[in-house]
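Visitor:
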Amino acid sequence: MNLIRIILWAVIIYLIFSTIRNLFRYLSSAGKSGKNGETKKKKQGKYKIEKEDVIEAHFEEIDPSKSDNQKDNN
Numbered sequence: 001m002n003l004i005r006i007i008l009w010a011v012i013i014y015l016i017f018s019t020i021r022n023l024f025r026y027l028s029s030a031g032k033s034g035k036n037g038e039t040k041k042k043k044q045g046k047y048k049i050e051k052e053d054v055i056e057a058h059f060e061e062i063d064p065s066k067s068d069n070q071k072d073n074n
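Counting with the numbering used here, you get residues 1 to 74 for the letters of the sequence shown.
Written out as structure tokens, the structure reads:
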């Protein structure tokens with residue numbers, strides 16, 4: 001019986017603390033609601049990549065009927 005009481009008290013305390021934490025988060029975000037419309041600056045990356053270093057890739061579509069025909073021929 002004592003173990004059940006301990007578990008119930010632990011659950012109740014957990015729920016109380018989580019409720020208090022959520023209230024603090026809600027109240028702190030309500031004060032900052034005016035800043036939501038602001039745009040953020042894009043953060044510059046760590047690496048300096050120039051346009052000449054980027055290589056364009058070209059891909060071909062795979063036709064499923066051709067791949068099935070090749071398997072049948074072999």
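Backbone N, C-alpha and C define an ideal beta-carbon position, used for all residues, glycine too. The structure displayed is predicted, hence computed values, not measured ones.
Using DSSP with H/G/I as helix, E/B as strand and the rest coil, what is Lys-42?
Guide: The residue labelled residue 42 in the question sits at position 42 within the sequence shown. In the structure shown, Lys-42 sits in coil (DSSP, three-state: anything other than H, G, I, E or B).
Visitor: Do you know how far the Cα of Ile-16 is from the Cα of Ala-77?
Guide: There is simply no residue 77 to check, as the chain begins at 1 and stops at 74 in what is shown.
Visitor: Would you kindly work out how many angstroms separate the C-alpha atoms of Lys-40 and Asp-53, rounded to a whole number?
Guide: For this step, residue 40 is matched to residue 40 along the sequence shown. For this step, residue 53 is matched to residue 53 along the sequence shown. Near 28 Å, if we compare the C-alpha coordinates of Asp-53 and Lys-40.
Visitor: For Trp-9 and Ile-20, I'd like the C-alpha separation in whole angstroms.
Guide: Taking the first residue of the sequence shown as 1, we reach residue 9 at position 9. Taking the first residue of the sequence shown as 1, we reach residue 20 at position 20. Approximately 17 Å between the Cα atoms of the pair.
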